[in-house]
Each structure stands twice: as structure tokens, then as C-alpha cells.
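Using my numbering, the first residue of the sequence shown is number 2, and each one after it goes up by one.
Built from N, CA and C at the ideal position, the CB exists for glycine as well.
Note sheet for the following structure.
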Amino acid sequence: MTTYSKVKQTLVSLQGAKATMESYAQLAQDEGTRKSFRRNAERLDEVLARLKRRIQSMEFEEPQYKGF
């Protein structure tokens, strides 16, 4: 497995984790718990944005990966 594949796999996994946190935030009955899940989902947004930029850099440096 290439580094590019691992980075893409990490991106997909983190997107799933973010979706799960958003779901838990909707289901949580305690306001503090809801805020915690939302805050962590927002933090994951930041990580996802950086990871997407890194993937774009990798695709620019190695054109054969573009479109995977």
C-alpha cells in the first residue's frame, strides 16, 4: 500500500468519525455532551481540510495518483 493510499484511507476514516460524532451530538440528551461532540466534529473539520490540502499536494507532485 502506498503512502498516498494510506492518506486517502485516513481521510475516509476521519470523515466517518466526523459523521458519527455529528450523529451522537444529535442523539445526546445532555447539553454538555452535545457541545463536546460538536466541538470535536469541528476540530475534525480542521484536520480534514489540512489532509485534503496534503492530498492535493501529493497529486500535484505525483500526477499518477490524481483521481484515485
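Residue interval of the alpha helix (DSSP H) (run including residue i)
i   : result
K19 : T4 to L28
Pair within 7 Å by beta-carbon distance, residue i and residue j
i   : j   : result
M22 : A42 : yes
Y66 : Y5  : yes
K9  : L45 : no
As assigned by DSSP and simplified to three states, the class of residue i
i   : result
D46 : helix
E62 : helix
K67 : coil
Residue environment, residue i, which counts as buried when at least 16 other CB atoms sit within 10 Å
i   : result
F61 : exposed
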